[in-house]
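This note's numbering numbers the first residue of the sequence shown as 67 and each following residue consecutively.
Ideal Cβ positions, reconstructed from N, Cα and C, are used throughout, including at glycine.
What follows is a short report on a single structure.
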Amino acid sequence: MALQPAIEVSGLRKRYGEGATAVDALKGVDMVVWPGEVVGLIGPSGSGKSTLLKCLGAVTDPTAGRMALGGQTIFDEGWTIRDLRALRRDKIGFVFQAPYLIPFLDVTDNVALLPMLAGVPNAQARQRALELLTALDVQHRATAKPAQLSGGEQQRVAIARALANRPPVILADEPTAPLDSERALAVVRILNQMARQYQAAIIVVTHDEKIIPTFKRIYHIRDGRTYEEAGEGRPID
Ligand code: ADP
67 MALQPAIEVS GLRKRYGEGA TAVDALKGVD MVVWPGEVVG LIGPSGSGKS
117 TLLKCLGAVT DPTAGRMALG GQTIFDEGWT IRDLRALRRD KIGFVFQAPY
167 LIPFLDVTDN VALLPMLAGV PNAQARQRAL ELLTALDVQH RATAKPAQLS
217 GGEQQRVAIA RALANRPPVI LADEPTAPLD SERALAVVRI LNQMARQYQA
267 AIIVVTHDEK IIPTFKRIYH IRDGRTYEEA GEGRPID
């Protein structure tokens with residue numbers, strides 16, 4: 067089978083409201099991201115980044131255009147796939163600026179929770195969580211509670227959680243904003259490694275100057291339209 071793009075978006079539009087007060091937040095976005103790629107999404111405030119991320123994350127419906135994830139059509143000119151909740155759970159991992167870990171669950175269960183909810187037997191979900199924690203070098207914290215971890219360790223656990231259902235797509239919204247240069251680059255190194263290892267497509271929304279030179283490919287968004295650009299792809303190590 068030919069390799070399918072992880073994300074394929076064409077002519078995506080989103081209008082909020084109606085009539086005289088309508089706002090066209092997306093005015094025809096085109097985007098293709100392949101498995102294993104880490105792509106930057108950059109734009110000024112109000113340009114449509116959050117709206118695009120919400121559409122890509124199947125959190126909101128676009129008004130027009132098409133979107134497919136892993137070759138499966140999700141939206142098509144007003145038609146929307148029925149079970150968006152299952153789609154989000156199985157196909158999309160989210161990483162935010164703050165880790166949002168569940169304080170009363172230990173690190174392993176924070177990561178294992180989503181696969182358990184998706185029907186993976188508990189022992190198998192925990193085994194998968196441990197594998198990811200090992201790949202992210204936080205396995206020694208497996209039985210700790212989130213509050214016992216440093217900020218950087220918590221962010222790595224959050225990345226493990228985003229990967230736990232082996233989603234083809236990971237959406238990271240300003241994942242390095244609160245981190246210093248060294249830790250920010252460490253997070254980007256990990257995202258690149260995870261993209262390679264699990265063949266996930268990762269979109270990183272950012273305006274963090276420390277990490278922008280690392281992207282091989284960047285989508286700029288301005289006034290609801292995207293422009294693709296080759297990035298510097300600067301080596302991280
Ligand atoms: P960014 O994330 O780049 O700051 P947004 O996607 O939040 O941009 O916003 C894009 C445009 O859509 C802005 O003009 C914003 O005011 C408008 N917008 C965003 N959300 C809503 C909403 N729920 N209702 C109406 N307008 C909105």
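When you compare only the Cα positions, how much space is there between residue i and residue j?
| i | j | result |
| --- | --- | --- |
| Ile-225 | Arg-288 | 28 Å |
| Leu-245 | Ala-68 | 39 Å |
| Asp-267 | Ala-252 | In the sequence as displayed, the identity of residue 267 is Ala instead of Asp. Cα-Cα distance, rounded: 18 Å. |
| Asp-274 | Ala-243 | 6 Å |
| Pro-234 | Leu-257 | 13 Å |
| Val-223 | Ala-191 | 15 Å |
| Pro-301 | Lys-276 | 13 Å |
| Tyr-264 | Glu-103 | 11 Å |
| Val-186 | Gly-85 | 47 Å |
| Arg-148 | Ala-124 | 11 Å |
| Glu-290 | Met-260 | Glu is not the amino acid found at residue 290; the sequence shown has Gly there. So the two alpha carbons sit approximately 30 Å from each other. |
| Met-97 | Leu-122 | 10 Å |
| Thr-292 | Tyr-285 | 6 Å |
Going by the beta-carbon positions, is the gap between residue i and residue j smaller than 8 Å?
| i | j | result |
| --- | --- | --- |
| Gln-220 | Leu-183 | no |
| Ala-72 | Tyr-82 | no |
| Glu-143 | Arg-155 | no |
| Asp-172 | Thr-126 | no |
| Val-231 | Leu-199 | Reading off the sequence shown, one finds Asn at residue 231, where the question assumed Val. No, they are not a contact pair. |
| Ile-269 | Val-105 | yes |
| Ile-108 | Ile-278 | yes |
| Gly-159 | Leu-229 | yes |
| Glu-74 | Ala-134 | yes |
| Glu-240 | Thr-280 | no |
Quick one: measure Cβ to Cβ for residue i and residue j, integer angstroms, because I've assumed they're closer than 8 Å.
| i | j | result |
| --- | --- | --- |
| Gly-94 | Gly-77 | 5 Å |
| Arg-194 | Ala-130 | Incorrect: roughly 38 Å between the Cβ atoms, too far for contact. |
| Asp-303 | Arg-255 | 7 Å |
Can you list the alpha helix (DSSP H) stretches of 4 or more residues lying completely in the stretch 92-142, in chain order? 115-122
Those runs of the alpha helix (DSSP H) which lie wholly inside the stretch 196-281 and span at least 4 residues: 217-229 and 247-264
Listed by chain order, which residues have C-beta atoms less than 6 Å from any heavy atom of ligand 1? Tyr-82, Gly-83, Val-89, Ala-91, Gly-109, Ser-111, Gly-112, Ser-113, Gly-114, Lys-115, Ser-116 and Thr-117
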